[in-house]
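Asks: Following this message is one structure expressed as structure tokens.
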Amino acid sequence: MTTLDETVESVLVSESAGPEDTLLAGERTAYVRAAVAALPDRMRSIVEAIYFDDRTVTEIAEELGITHSAVSQQRSEAIRLMREGMATHYADEGDPAVIEAKTSQARRSAYLARLAQHAVAHLHPHTPTPTSARAS
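Right under this line is the structure:
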């Protein structure tokens, strides 16, 4: 036998995300957008074309005048950079950042610095970044 409370509870319990989950999802989306925006131009355009515009690697290769393999390599390097950037700037404290050594240290450092600036701009649009503070 089911009590009235159990019946009402099963109807009233929401399966939708709560305010905290919604806030975290929005923050995560902002970090991903910042991670893409911080990529070097060619990598950014390749990632945007593949993941945001649903274009194929073959189409992009033809448009850029490079091989399918070159587009795939750029996409893979971009994903590695973004993964490391997200681990460095977004991971919970105590989670070690996984560094994949295929990307040069100089490129990785430059990307992580750009990502930090983009993340501030995306998450806190009214907070001056070091670049915008100097321009004032």
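Just so we're aligned: 111 in UniProt numbering is position 111 of the sequence shown, and the numbers increase by one with no gaps anywhere.
No residue lacks a Cβ here, since even glycine has one placed at the ideal position from N, Cα and C.
Please state the DSSP three-state secondary structure of G65.
Replies: If DSSP states are grouped into helix, strand and coil, G65 belongs with coil.
Asks: At the level of alpha carbons, what is the spacing between V36 and Q73?
Replies: The alpha-carbon atoms of V36 and Q73 are separated by roughly 16 Å.
Asks: Can you tell me the Cβ-Cβ gap for A78 and V47, rounded? I've got them flagged as a contact below 8 Å.
Replies: Confirmed, about 5 Å.
Asks: Assuming contact is defined by CB atoms lying nearer than 8 Å, are A38 and R107 in contact in what I supplied?
Replies: No; because the gap between Cβ atoms is not below 8 Å, this pair is not in contact.
Asks: Only counting the same chain, and skipping five residues up and downstream in sequence, which positions put a Cβ closer than 8 Å to that of T67?
Replies: Once the five neighbours on either side are set aside, the close Cβ partners of T67 are A61.
Asks: Could you pull out every residue in the same chain whose Cβ sits closer than 7 Å to the Cβ of Y90, ignoring the five residues on either side in sequence?
Replies: Result list for Y90: Y31, in chain order.
Asks: Let's see if you can read the secondary structure: which residues bound the alpha helix (DSSP H) around Y31?
Replies: Unbroken alpha helix (DSSP H) run through Y31: 19 to 37.
Asks: Reducing DSSP to helix, strand and coil, say where D53 ends up.
Replies: It is coil, neither helix nor strand.
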